[in-house]
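Colleague: Numbering (the working numbering), first residue to last: 2 to 469. A virtual CB, placed ideally from N, CA and C, is assigned to each residue, including glycine.
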Amino acid sequence: MKTAFPKNFLWGGATAANQCEGAYNVDGKGLSIQDFMPDGVMKPPGKTIEERNLKLEGIDYYHHYKEDIALFAEMGFKVYRFSIAWSRIFPNGDEEKPNEAGLKFYEDVIDECRKYRIEPLITLSHYETPYHLAKTYDGWRSRKMIEFYTHYAKTVFTRYKGKVKYWLTFNEINSLWHFPYMGAGILTPKEKLSKQDLYQAAHHELVASAMTVKLAHEIDPENMVGCMVLGLVNYPRTCHPDDIIAVMEENRKGFFFTDIHMRGHYPFYTKQMFEKENIHIQMEDEDMEILKNTCDFLSFSYYMSKCMAKDDSQYEKGKGNLTTGVKNPYLKESEWGWQIDPQGLRYILNMYYERYEKPLFIVENGLGAMDELVQTDQGMCVEDDYRIAYMNDHLLEVKKAIDDGVDVMGYTAWGCIDLISASTAEMKKRYGFIYVDRNNDGSGTLKRYRKKSFYWYKEVIASQGLNL
Ligand code: BG6
2 MKTAFPKNFL WGGATAANQC EGAYNVDGKG LSIQDFMPDG VMKPPGKTIE ERNLKLEGID
62 YYHHYKEDIA LFAEMGFKVY RFSIAWSRIF PNGDEEKPNE AGLKFYEDVI DECRKYRIEP
122 LITLSHYETP YHLAKTYDGW RSRKMIEFYT HYAKTVFTRY KGKVKYWLTF NEINSLWHFP
182 YMGAGILTPK EKLSKQDLYQ AAHHELVASA MTVKLAHEID PENMVGCMVL GLVNYPRTCH
242 PDDIIAVMEE NRKGFFFTDI HMRGHYPFYT KQMFEKENIH IQMEDEDMEI LKNTCDFLSF
302 SYYMSKCMAK DDSQYEKGKG NLTTGVKNPY LKESEWGWQI DPQGLRYILN MYYERYEKPL
362 FIVENGLGAM DELVQTDQGM CVEDDYRIAY MNDHLLEVKK AIDDGVDVMG YTAWGCIDLI
422 SASTAEMKKR YGFIYVDRNN DGSGTLKRYR KKSFYWYKEV IASQGLNL
């Protein structure tokens with residue numbers, strides 16, 4: 002017999018400041034690294050602000066947030082994940098005093114959510130490091146970043162005390178390996194960075210994250226802080242033991258972050274790896290103690306799985322958000338070549354839960370597709386049955402994982418309203434339940450329209466998943 006999702010399951014959606022807010026230079030906001038990324042992660046950052054960077058205007062959520070949150074409430078959201086643009090609060094990132102207009106903006110957003118009993122889930126850093134910190138300190142390569150980041154975190158924890166309970170420290174912290182500029186504000190080109198540089202930057206972020214957990218708990222014991230990783234399922238391309246070992250090694254690149262966040266210490270396999278690669282991380286005496294401040298929950302994004310092979314040159318490569326692997330012949334793919342694997346979501350939920358036995362939160366999942374706004378009997382709409390099918394299949398697997406015994410706190414659908422994509426910085430790759438009239442060339446009225454999936458998700462939430 003079909004059973005419902007747990008009563009306290011947090012249903013909702015997710016966005017990131019740099020992909021939707023626009024208003025990049027309004028009310029004292031400083032520039033962020035995203036303001037220099039007109040092409041997403043595909044090209045190195047530009048040196049000037051370019052007009053055709055769609056993110057500068059985004060979907061103008063900065064001026065539409067009330068309308069947008071009202072639509073989220075209409076769907077029945079219990080939670081809304083969004084990020085604070087650090088450069089709205091500290092325009093340069095290293096100031097002592099915050100920018101009141103920035104604090105006020107997010108306070109209004111939070112109050113608007115609370116008006117509808119929607120729990121805010123806030124990402125402190127979602128690929129939007131203040132540009133000044135990238136330019137002056139080379140981002141997270143510098144230990145100074147710990148001080149700036151924790152000062153920022155303390156400022157917002159104090160200001161929003163009692164209004165916000167759920168926090169995430171860094172979006173997809175493991176993206177550092179692939180995109181040091183976007184992931185960690187490192188301006189030095191990737192080809193010039195050694196493994197030593199990357200692990201040192203990772204160490205700084207991990208210490209900052211753990212200090213933030215401690216601060217959050219001290220400021221308000223009700224606070225719950227999660228880490229956030231790009232959740233990737235790696236399958237062996239064949240049953241050859243070499244491919245199994247390739248999976249083990251690839252998994253450890255991601256586990257490195259979750260192990261430290263959730264267990265509070267460097268995992269055993271780093272010792273041998275650091276020796277082999279001649280990596281020496283500079284640490285302060287107190288770092289090991291700080292890392293013991295483990296996260297309350299683990300959150301992750303999930304879009305696809307990939308295959309690993311010892312010799313991957315003989316196989317066709319798949320595409321993906323930030324990382325790619327060998328194609329899986331059993332899976333279909335999205336218009337952007339991302340392989341669709343609902344069962345992988347059940348698998349990864351079980352994998353993390355077996356490892357940490359701490360609550361898990363799926364904070365991103367969804368289908369990027371080209372939508373068409375058409376006239377229907379109900380008015381202008383997008384008949385996005387493909388999106389409904391994608392999410393339906395994934396949510397069924399979430400339910401199976403819950404039935405397996407995994408503690409899943411909630412699910413926030415990525416880009417619950419259309420926004421600018423992260424990897425390719427385009428508008429036509431849409432994820433939303435809500436269509437925004439804006440095009441790749443920047444034209445459009447910015448008017449919002451409910452898609453077919455809007456009504457479907459509303460029913461999913463109302464029925465606690467029984468209509469899946
Ligand atoms: C995740 C990011 O990697 O994937 C989001 O956290 C991003 O910021 C999402 O938007 C989907 O990727 P894309 O490139 O399709 O926007």
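Less than 7 Å between C-beta atoms, sequence neighbours within five positions excluded: which residues of the same chain meet that for N468?
Modeller: For N468, where only same-chain residues beyond five positions count, the Cβ hits under 7 Å are E460, V461.
Colleague: Whose C-beta lies closer than 8 Å to the C-beta of K448 among residues of the same chain, with five residues either side of it excluded?
Modeller: For K448, where only same-chain residues beyond five positions count, the Cβ hits under 8 Å are V437, D438.
Colleague: Just tell me which of M284, K136, A217 has its CA closest to the CA of V226.
Modeller: Looking at the Cα atoms, A217 is the closest of the given residues.
Colleague: Just mark R238 as buried or exposed, buried being the case when its beta carbon has 16 or more other beta carbons within 10 Å.
Modeller: So R238 ends up on the buried side.
Colleague: Got a sec: does the ligand BG6 put a non-hydrogen atom nearer than 7 Å to the Cβ of A390?
Modeller: For the ligand BG6, not one heavy atom lies less than 7 Å from the Cβ of A390.
Colleague: Between which two residues does the alpha helix (DSSP H) holding G138 run?
Modeller: Note that residue 138 is Tyr in the sequence shown, not Gly. Note, Y138: alpha helix (DSSP H), 132-138.
Colleague: Can you tell which of D419, M371, K430, L397 has its C-alpha closest to the C-alpha of Y348?
Modeller: Taking only the C-alpha atoms, the option nearest Y348 is L397.
Colleague: Quick one, which of G47, E68, Y132, R431 has its alpha-carbon nearest V383's?
Modeller: Selected option, being the one with the closest Cα: R431.
Colleague: With S126 as the anchor, note down where its beta strand (DSSP E) starts and where it stops.
Modeller: Looking at the DSSP string, the run of the beta strand (DSSP E) that includes S126 is 120-126.
Colleague: Using the three-state DSSP reduction, which class does W339 fall into: helix, strand or coil?
Modeller: Correct three-state label for W339: strand.
Colleague: Going by Cα to Cα distance, which pick from H262, E278, I418, F158 is closest to I60?
Modeller: Checked all of H262, E278, I418, F158; the closest Cα to I60 is I418.
Colleague: Would L125 and I85 be called neighbours here (beta carbons separated by less than 8 Å)?
Modeller: Cβ atoms of L125 and I85: closer than 8 Å.
Colleague: Taking only three categories from DSSP, how would you classify S300?
Modeller: In the structure shown, S300 sits in a strand (DSSP, three-state: E or B).
Colleague: With respect to 7 Å, is the separation between the Cβ of G416 and the closest non-hydrogen atom of the ligand BG6 below this value?
Modeller: For the ligand BG6, at least one heavy atom lies less than 7 Å from the Cβ of G416.
Colleague: What residue does the beta strand (DSSP E) around M381 start on, and which one ends it?
Modeller: Its beta strand (DSSP E) spans residues 380-383.
Colleague: If we ignore side chains and look at the alpha-carbon of each, how far apart do I280 and Y200 end up?
Modeller: The alpha-carbon atoms of I280 and Y200 are separated by roughly 8 Å.
Colleague: With DSSP as the reference, label Y316 as helix, strand or coil.
Modeller: The answer is coil: DSSP assigns Y316 none of H, G, I, E or B.
Colleague: So P45 and S88 are supposed to be a Cβ contact under 8 Å. How far apart are they, rounded?
Modeller: In fact, because the Cβ distance is near 20 Å, the residues do not count as touching under 8 Å.
Colleague: Comparing C-alpha positions only, which one of N252, Y138, L72 sits nearest to M309?
Modeller: Checking every option, the nearest Cα to that of M309 belongs to N252.
Colleague: In the DSSP assignment, what residue or residues form a beta bridge with G13?
Modeller: DSSP output for G13 lists V80, T413 as bridge partner(s).
Colleague: By alpha-carbon positions, which one of L350, S306, G103, N351 ends up nearest to N329?
Modeller: The candidate whose alpha carbon is nearest that of N329 is S306.
Colleague: Could you compute how far the alpha carbon of E129 sits from the alpha carbon of N172?
Modeller: Cα-Cα distance, rounded: 10 Å.
Colleague: Whose C-beta lies closer than 7 Å to the C-beta of L223 among residues of the same chain, with five residues either side of it excluded?
Modeller: According to the sequence provided, residue 223 is Glu. The question's Leu does not apply to it. Excluding residues within five positions, the ones whose Cβ falls inside 7 Å are K166.
Colleague: Since W168 sits in a beta bridge, which residues does DSSP pair it with?
Modeller: Paired residues: I123, V226.
Colleague: Where does I282 fall in DSSP's three states?
Modeller: Three-state result, I282: coil.
Colleague: Would K8 and A426 qualify as a contact pair, given that the criterion is a beta-carbon distance under 8 Å?
Modeller: Cβ atoms of K8 and A426: not closer than 8 Å.
Colleague: Can we count N172 as close to the ligand BG6, meaning its CB is less than 7 Å from some heavy atom?
Modeller: Yes, since a heavy atom of the ligand BG6 falls inside the 7 Å radius drawn around the Cβ of N172.
Colleague: Following the continuous beta strand (DSSP E) through S444, name the residue where it begins and the one where it ends.
Modeller: Unbroken run through S444: none, as it is neither H nor E.
Colleague: Under 8 Å by Cβ, that's how I've got K452 and I435 pegged, so tell me the actual separation to the nearest angstrom.
Modeller: So it is a contact: roughly 7 Å between Cβ atoms.
Colleague: Opposite M309 in the DSSP bridges: which residues?
Modeller: Paired residue(s): P237.
Colleague: Enumerate in chain order the residues of its own chain whose CB-to-CB distance from H133 is below 6 Å, with the five nearest sequence positions on each side excluded.
Modeller: Contacts found: N93, G94.
Colleague: Looking at C-alpha atoms only, which residue of A24, M43, W12, F6 is the closest neighbour of G321?
Modeller: It is M43.
Colleague: Taking R356 as the reference, give the member of R264, F158, A185 with the closest Cα.
Modeller: With distances taken between Cα atoms, R356 lies closest to R264.
Colleague: Compute the minimum distance between the beta carbon of E424 and the heavy atoms of the ligand BG6, and state whether it is under 7 Å.
Modeller: Correcting the residue identity first, residue 424 is Ser in this sequence and not Glu. Result yes, Cβ under 7 Å from the ligand BG6.
Colleague: Taking C-beta to C-beta, are F258 and L361 nearer than 8 Å?
Modeller: Taking 8 Å as the Cβ cut-off, F258 and L361 do not qualify as a contacting pair.
Colleague: Taking the alpha-carbon positions, what's the D385 to L420 distance?
Modeller: D385 and L420: Cα-Cα distance of roughly 16 Å.
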